[in-house]
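Scroll down for the structure; my scribbles are underneath it.
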């Protein structure tokens with residue numbers, strides 16, 4: 664079943680509590696919380712204090728996406744601050760196996776994020792470290808900025824990963840993030856993705872409920 668993750672990266676930061684209520688009422692399944700450190704990506708975003716505050720007022724579980732250079736240093740703290748699931752980039756500087764182990768030790772699903780230019784061959788040897796219902800985040804834009812154009816070439820990567828998971832009998836989810844709206848979501852679902860991250864398309868919509876529903880339609 665398709666799950667919708669409402670990204671708050673480009674939301675009105677002065678009213679995040681209200682935004683979280685709007686997207687929950689619209690039918691989103693999760694909030695998507697992007698963390699950027701200005702090193703791994705050339706941008707800065709939210710940190711631990713904002714997550715702690717958001718957790719107190721949000722009714723939806725929070726999916727934390729770490730776009731940071733050393734995720735291993737911070738995953739436990741983000742779990743303690745309120746993350747309900749955590750993804751980190753395989754291109755980061757942290758030991759991948761140790762980072763996965765810490766996320767699992769915190770009792771959370773783990774996601775492996777993959778930037779558009781990273782070959783899937785770098786991902787495949789890591790998959791045995793994941794548990795059932797963990798997830799792979801295939802970025803459909805370059806990480807670091809919201810409101811980018813969907814990269815068509817990632818569709819083939821989604822298809823290849825979906826086929827690989829089926830062949831290996833792995834029960835993992837495929838999440839996509841970047842330029843996701845009704846049309847691109849439909850193409851990603853057809854290719855094998857089931858977790859849709861969408862920001863501006865939902866939070867700036869005149870009808871957020873219709874926007875969320877359109878990401879699920881088949």
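Residue numbers (our numbering): 664 to 881.
Every residue, glycine too, gets a C-beta built ideally from N, C-alpha and C.
Proximity winner among 781, 790, 738, relative to residue 765 (alpha-carbon distances): For the purposes of this step, residue 765 is taken as residue 102 along the chain shown, with counting starting at 1. Taking only the C-alpha atoms, the option nearest residue 765 is 738.
Whole-angstrom distance between residue 830 and residue 694, CA atom to CA atom: If you number the chain shown from 1, residue 694 lands on position 31. If you number the chain shown from 1, residue 830 lands on position 167. Taking the straight line from one Cα to the other gives about 31 angstroms.
DSSP three-state assignment for residue 787, whether helix, strand or coil: Locating residue 787 in the chain shown gives position 124, where the first residue counts as 1. If DSSP states are grouped into helix, strand and coil, residue 787 belongs with the helices.
Cross-strand partners of residue 693 (DSSP beta bridge): Counted from its first residue, the chain shown places residue 693 at position 30. Residue 693 pairs with 668.
Pairwise C-alpha distance: residue 708 and residue 742: Within the chain shown, residue 742 is the residue found at index 79, counting from 1. Within the chain shown, residue 708 is the residue found at index 45, counting from 1. Computed Cα separation, rounded: 17 angstroms.
DSSP bridge partner residues for residue 725 (one or two, in chain order): Reading the chain shown from its first residue, position 62 is the one you call residue 725. Answer by DSSP bridge pairing, in chain order: 694.
Residues bridged to residue 840 (per DSSP): By 1-based counting over the chain shown, the position of residue 840 is 177. Partner(s): 802, 860.
C-alpha gap between residue 799 and residue 706, whole angstroms: Taking the chain shown and counting its residues from 1, the one referred to as residue 799 is at position 136. Taking the chain shown and counting its residues from 1, the one referred to as residue 706 is at position 43. Going by the C-alpha atoms only, they are around 23 angstroms apart.
Alpha helix (DSSP H) segment containing residue 738, residue limits: On the chain shown, residue 738 is found 75 positions in, with the first residue counted as 1. Here the alpha helix (DSSP H) through residue 738 covers 738-744.
Stretch-stretch touch, CB-based, cutoff 8 angstroms, three pairs: the stretch 672-688 with the stretch 849-858: no
Neighbourhood of residue 683 by C-beta, 8 angstroms cutoff - its chain only, sequence neighbours within 5 removed: In the chain shown, residue 683 corresponds to position 20, counting from 1. Within the same chain, residue 683 has close Cβ partners 671, 694, 717, 720, 721, 722, 723.
Cβ distance (whole Å) where residue 789 is taken to contact residue 749 below 8 angstroms: If you number the chain shown from 1, residue 789 lands on position 126. If you number the chain shown from 1, residue 749 lands on position 86. So it is not a contact: roughly 15 angstroms between Cβ atoms.
Cα-Cα separation, residue 796 to residue 711: Taking the first residue of the chain shown as position 1, residue 796 is located at position 133. Taking the first residue of the chain shown as position 1, residue 711 is located at position 48. Cα to Cα, the separation comes out at about 25 angstroms.
Residue from 744, 848, 690, 667 with nearest C-alpha to residue 821: Numbered from its first residue, the chain shown carries residue 821 at position 158. Checking every option, the nearest Cα to that of residue 821 belongs to 848.
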